[in-house]
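Take a look at the structure set out below.
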Amino acid sequence: MSDSLPAKPNPEGPRIVGIGASAGGLAALEKFFAHLPSETGMAYVVVQHTSPKHKTLLGTLLQRVTALPVHTADSGRVVEANTIYVMPTSGTLTVVRGCLHFIATPQAASAPLVIDAFLTSLAQDQGCRAVGVVLSGMGRDGVQGLQAIHQAKGLCLAQQPDTAAFASMPQSAIGAGCVDVVAAPEDMPAQIVQWSVSSDAPCKEVPTVTATDTAAERAPATDDLQAIVDLLQQHLHHDFSLYKPSTLLRRVERRMHVHQLPSMAAYLNYLQSNPPELALLFSEMLIGVTSFFRDAQVWQDLSTHVLPTLFSTDNTSPIRAWVLGCSTGEEAYSLAMLLREAQDLSGQAPRAVQIYATDLNAAAIAVARKGWYNQQAVVGISQERLTRFFMPSQGGHQVQPHIRAMVMFARHDVITDPPFTRLDLLLCRNVMIYFNATLQRRLIPLFHFCLRAGGCLVLGSAETVGRSQNLFKALLPSSRIYARSEQRPAPGSVAFPIHHRPASPSKEMSVSTLPPPPSDNLQALADQVLLQTFAPAAVLVNSSGDILYISGRTGHYLEPAAGKANWNIHVMARSGLRAQIATALRQALQEGRPVVVHGLPLEGQGHRQLQVTIHPLHEPKSLAGSAMVVFKEQEVIAVAANPSTSSASAVNAELQAAQAQLQALRHEMHVSKDQLSAINEALKLTNEELQSANEELSTSKEEAQSMNEELQTINSELQTRLDDLALAQSDMQNLLNSTDIATLFLDNDLNVRRFTEKAVGIFHLREADVGRPLSDLANTLVYPLLQDDVKETLRTLTPCTKSVAATDGRWFTVRIMPYRTLANTVNGAVLTFVDISTAKALEFRLRESHATPPPPESP
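This is the structure we're talking about:
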C-alpha cells in the first residue's frame, strides 16, 4: 500500500463516495479506480455482493490498480480522505458521523440488500454531500439507496448499461429516475471530482430567475424552457406545459448544475445531442416524495371521521378509492391498512375494497407493485401495524398479500387519461402544487364528477378547492378533507381528459367518399331522387353504437344530447325508443341476423307507430361488424266494430308477448349467471394456484440470483488469479530460457513435464513430446545410465552430478535433482545440462602439454 499526501482539512470530514457492485463489478471497479486521481479529498467505500463462504480478495485486487491505500471497512473505523474501504463478507455496512459500522449476519440468513443499506445510511449521514455509484450487477439492489441520496440532493451515478457485464442494477436505478449521471466507469471519477469542486456549498440551491432579472435575461430563458418542454412532449409524449414554470425551472437548473452548463440554451443543445438525458430530465420532473402515514394528523382524521361512515351502512357495493400520484405506493398501502382496520371495527359483513393507485412514473409503479420496503421506509409505522400488515423479507418488510390484493397500481396521466369514477374517496395530496392555475381549475370539477354522493376529497396541506367551493364543503379544513356537495357544476366546466384520435378510414361509409355522379347520368340522378323521396330514414352504426352515416330525415327518432357533442345512437335515441333499440342492436350483432321491433311509440304522433329494423352488415369487408338501423313509420289501424274488444285483444296479445320475452330473458339470465359463477370459481382457484406458483418462483428466482451473483464474483476473482498464474508461468519460462541452460522437468514416472529451448538440441524435443517417457526420447549423450541415475536420485533424494560427452563432440555437466513443491513434497526430477565443451577442450590441451616429453639437450 502506498502512502498519500494528507488532504486539505475539512471540518465536516471528507466527502464519502459509496460504490455498489455485484456480478461483473470487479472489472468496472478496476476501471473506476485506475482513472481516479490520487488527491481528491474524498473517501471511497466499496460494497459488493460476495459469498459468505469465501474470503474476499477484492482489496488485494484493487490495490494493484490504484496508488490509494485500500483498507477493510472494519467496524469503528473513521473514514479518512484519499482512502478506499472494502466491506467484509457476510454482513451489513453503514456509516454514522463519518464512522463505519459493520454488523455480521449469520450465513444461514437471507442475503440483505447491502448496497441499499449503506447508501441509505450515507444519505442520512452526509445529506447533500453524499455521492452514490451503482455499477454492474443483477437485481435492484442500490435503487432505494440512490433514491435516498437523490432526495437529499446528493450526486447519483449509474454505469452505462451497455458497458456493464450485467446491466440489471444500473438499468433499474436509471429507470427509477434517481440517477444524475449515466457514464462508463472510467469516466465517473472526472464527473465526481468536477461536481465536488463546483459544490463547495452543495446544499445551496442553484439561484433561479428572480423578479429583479431584466426582461432581456428572462425572455431567452423562457423561450429555452418552452423548447425543452416541447422536446419532452415530442420524445416522451407527456405535456409539461401546464406545470408551474417555477417548478420546471428548478428541475431544469438542477440538471444544468449536474452537467456544469452555464445557461439554459447550452442545456437545450445538450438535450438535443444526448437523447438519454431526456429520460433523466423526465424522471427529475416527476417528484416522488412520499412515506407511510405522512402528515399523521390527516390519517388520524380520516380514521376517526371519514372511514367509519363508509362501513356504517348496509350497502354491499365495493368501496372504491383513488390515490392519485401514489409514487412508490406508501400512501396507497397506508389507506389500505386504515380501511382494513375500520372494517374490522365496524362489525359489518366484509365488503370488497378497491383502491386504484396511479402515477406517471413507471419505475415508481414497479416498486409499488412489488410491495417491499427497507427498514428506513417503515419507520413511520407502529410496531402493531408492522406485525399485522407486513412480513420480514430480504432484510426489509413485504406487504401482506391481503393488503396487496386491495390495491391496483397503474400508470396514469391525470392530464390526458380518463379518470376513475364512482369513488367513495379520492386522495390527491401534493400533486396540484406543481400544476398551474388553469389545470387546477380544470381538475376540481373533474374530481367532483368522479366521486359518489357523499364522497370525500383529500388534498395536500398547501392545496384547496379554489373557486369551486360550491362543489365541495370543508369537512376537516385543517386536514384539507372535503365532502362532495350535491350541487352540479356549471355546464361545460367538466372537461374529460380523453385522447381524441381520428376516426379510422375503414369506419367511413364508402358511399360518402364516392365522387358525385355526372350530370348527364340520368339513371344515377333518378336513383338519388327515389332514395331521397321513398327510402326510409336509416343510420349506419358501428358495434359501439357510434353513428357513421345518416340517410334521410331522422329528427323524429334521434335528437342531439345536451352537453358535449356525442354522435352515439344510445345517447341520441329518444327516451321511448332507447331501450328497445339498444336491446335489438345487441341481439342483431350477436346473432348475425336482422331484428325487427314493432309498435314503438312516437312522441307527439299518437296515431302513428314506429317499426325499427336492424340489419347486421357482413359485406363489403370495410363495413363488416357494423349495422344499418332503418326507421319506418306505420299508421295505427282503427277497428270500427266493437273497438273496446279489439283494443283489449291487442293489449292482451302485447302483454302475452312481453311476458314470454321476459320469461326468456329471465331464463337466459339464470343460465348466464350459473355459467359466470362456475367460471368465476374456476378463475379464483386458478388465480390462487398461480399466486402460489408465482411466490415459489419468485423465491427460487431470488435465491438463484443471489447464488449467481456470488458465483460471478468468485469467478471474477478466480479469473484474476488465473491471469496472475499465467503471467508467473510466462515469467518463469522467460527466466529459464534466459539462463541458456538446457533443463528438463520429469514427473515421478519419468515422463516429460516441461523443457527449455536449449534442451531441444540434446533430446530433439517437440511440444507433442510433453507426457512421453524419458526412455522413448533419443538424445546425443553418451550416457546409457541416465534413466538409472534419475531413478536412484528419486529413491535416495540425493542430487547426482556427472560430466558426460555427446556424440557431436560436446561435453555437458549433467545435474539430477528432486523436484520439490511448495509443500516440500517430491513430484519428479529436474535435469540440467551445462555445456562445458570449452572447459573440456582446455583440459585436454593442458594434459597433452604435460604428457609431451621435453626435447633432448644438445651436446
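To convert, count from 1 in the sequence shown and add 824; that's my numbering. Glycine included, each C-beta is placed from N, C-alpha and C at the ideal position.
Cβ neighbours of residue i in the same chain (closer than 6 Å, five flanking residues each side left out)
| i | result |
| --- | --- |
| residue 834 | Model confidence at residue 834 stands at a pLDDT of 43, short of 50, so the residue's coordinates are unreliable and nothing is read from them. |
| residue 1273 | 1318 |
| residue 880 | 874 and 913 |
| residue 1091 | 1080 and 1085 |
| residue 1411 | 1419 |
| residue 1245 | 1274 |
| residue 895 | 909 |
Contacting residues, own chain, Cβ-Cβ under 8 Å from residue i (five flanking each side not counted)
| i | result |
| --- | --- |
| residue 882 | 850, 853, 870, 872, 874, 910 and 1541 |
| residue 1173 | 1140 |
The alpha helix (DSSP H) enclosing residue i, as first and last residue numbers
| i | result |
| --- | --- |
| residue 1585 | 1584–1587 |
| residue 1100 | 1100–1109 |
| residue 1125 | 1120–1125 |
| residue 1394 | 1393–1396 |
| residue 969 | 967–975 |
| residue 855 | 849–858 |
| residue 1627 | Careful: residue 1627 lies outside any alpha helix (DSSP H), inside the beta strand (DSSP E) at 1624–1629. |
| residue 1075 | 1069–1083 |
| residue 1134 | 1131–1134 |
Classification of residue i by the beta-carbon crowding that lies within 10 angstroms, buried from 16 upward
| i | result |
| --- | --- |
| residue 1622 | exposed |
| residue 1226 | exposed |
| residue 1668 | exposed |
| residue 1626 | exposed |
| residue 1386 | exposed |
| residue 1536 | buried |
| residue 1388 | exposed |
| residue 1588 | exposed |
| residue 1216 | exposed |
| residue 945 | buried |
| residue 1443 | exposed |
| residue 1584 | exposed |
| residue 1539 | exposed |
| residue 1191 | buried |
| residue 1338 | Residue placement at residue 1338 is poorly supported in this model, since its pLDDT is 37, which falls under 50; the coordinates are not used for a value here. |
Short Cβ contact (7 Å threshold) for residue i with residue j
| i | j | result |
| --- | --- | --- |
| residue 1441 | residue 1457 | no |
| residue 969 | residue 993 | no |
| residue 902 | residue 949 | no |
| residue 1628 | residue 1614 | no |
| residue 1259 | residue 1205 | no |
| residue 956 | residue 990 | no |
| residue 947 | residue 1187 | no |
| residue 1154 | residue 1114 | yes |
| residue 1662 | residue 1631 | no |
| residue 1300 | residue 1279 | no |
| residue 892 | residue 1544 | no |
| residue 1306 | residue 1267 | no |
| residue 943 | residue 842 | yes |
| residue 1757 | residue 905 | The structure shown does not extend to residue 1757, since the chain is modelled only from 825 to 1683, so the question has no answer here. |
| residue 1566 | residue 1586 | yes |
| residue 1453 | residue 1360 | no |
Same chain, Cβ closer than 7 Å to residue i, five either side skipped, listed in chain order
| i | result |
| --- | --- |
| residue 1007 | 981, 984 and 1015 |
| residue 1652 | 1569, 1570, 1571, 1572, 1577 and 1643 |
| residue 1285 | 1119 and 1304 |
| residue 1532 | 847 and 962 |
Limits of the unbroken beta strand (DSSP E) element including residue i
| i | result |
| --- | --- |
| residue 1276 | 1275–1283 |
| residue 1233 | 1231–1235 |
| residue 1248 | 1247–1252 |
| residue 1656 | 1650–1659 |
| residue 1371 | 1371–1375 |
| residue 1147 | 1143–1148 |
| residue 1432 | 1432–1440 |
| residue 1458 | 1451–1459 |
| residue 919 | 915–920 |
| residue 1297 | 1296–1300 |
| residue 1567 | 1566–1570 |
Inter-stretch contact (C-beta, 8 Å, three-pair minimum) for the segment 1239–1258 and the segment 1135–1148: yes
Cβ pair count under 8 Å reaching 3, the segment 1568–1579 against the segment 1593–1609: yes
Using a Cβ distance threshold of 8 Å, determine whether the segment 1126–1144 contacts the segment 1107–1117, with at least three qualifying pairs required. no
Tell me whether the segment 1257–1271 and the segment 1193–1208 touch, counting them as touching only if at least three CB pairs, one residue from each stretch, are closer than 8 Å. no
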